[in-house]
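Read the structure below first, then the notes.
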Amino acid sequence: MSVLVVALLAILIILSIRERMRLAGVRNKAWDVSEISTPSPLSQALTGLVGTAGGIYLSLVLLFTFLGLQLPERVYLGEVQIEPLAVVSIALAIVQPFILKLFQLKRRI
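Printed below as a string of structure tokens:
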């Protein structure tokens, strides 16, 4: 069961990174032809994913602290230990580019 969860998570992360790379390519139509080394689309997408998840995580920690809500530090799913806020933040960061794409498609209609 835990192998299936890890495999599903890996697939979702890969799809999210691929969508972030596509969105970044659409935004950056102008090509920079400088000879300075530039980051690859994959590294930019991965940095965006981790940065978004980190921002969401910090916001959730501040919200729960402000509201005085207590969450368990770790939740056990079989043999895997996870931190609930970290899982929620990475899940929201993974689906964020797909939700953005839905909004863009809705705006076109």
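For the sequence shown, the residue numbers in the numbering used here are 668 to 776.
Backbone N, C-alpha and C define an ideal beta-carbon position, used for all residues, glycine too.
All values reported here derive from a predicted model rather than from experimental measurement.
Unbroken alpha helix (DSSP H) run spanning residue i, endpoints
i	result
GLN737	Neither: GLN737 is in no alpha helix (DSSP H) and is coded neither H nor E.
Cβ separation of residue i and residue j, assumed to be a contact under 8 Å, to the nearest whole Å
i	j	result
ALA760	ALA712	Actually they are not in contact, since the Cβ atoms of ALA760 and ALA712 sit about 11 Å apart, beyond 8 Å.
ALA691	PRO708	6 Å
GLU746	SER669	6 Å
Residue i burial status per 10 Å Cβ neighbour count (16 or more: buried)
i	result
LEU744	exposed
PRO739	exposed
Residue interval of the beta strand (DSSP E) (run including residue i)
i	result
ILE749	747-749
Beta-carbon proximity list for residue i, same chain, < 7 Å, skipping 5 on both sides
i	result
SER756	ALA720, ILE723, TYR724, LEU727
ARG687	ALA712, GLY715, LEU716, PRO764
Cβ-based neighbour list, residue i, same chain, cut-off 8 Å, excluding 5 preceding and 5 following
i	result
GLN651	This structure leaves residue 651 out entirely; the chain is present only between 668 and 776.
Nearest neighbour of residue i, chosen from the options [CA to CA]
i	options	result
SER710	VAL762, LEU767, SER683	SER683
LYS768	GLY718, GLN737, VAL754, ARG689	ARG689
Minimum Cβ-Cβ distance from residue i to chain D less than 8 Å
i	result
ILE761	Among the chains in the structure shown there is no chain D, since it carries only a single protein chain.
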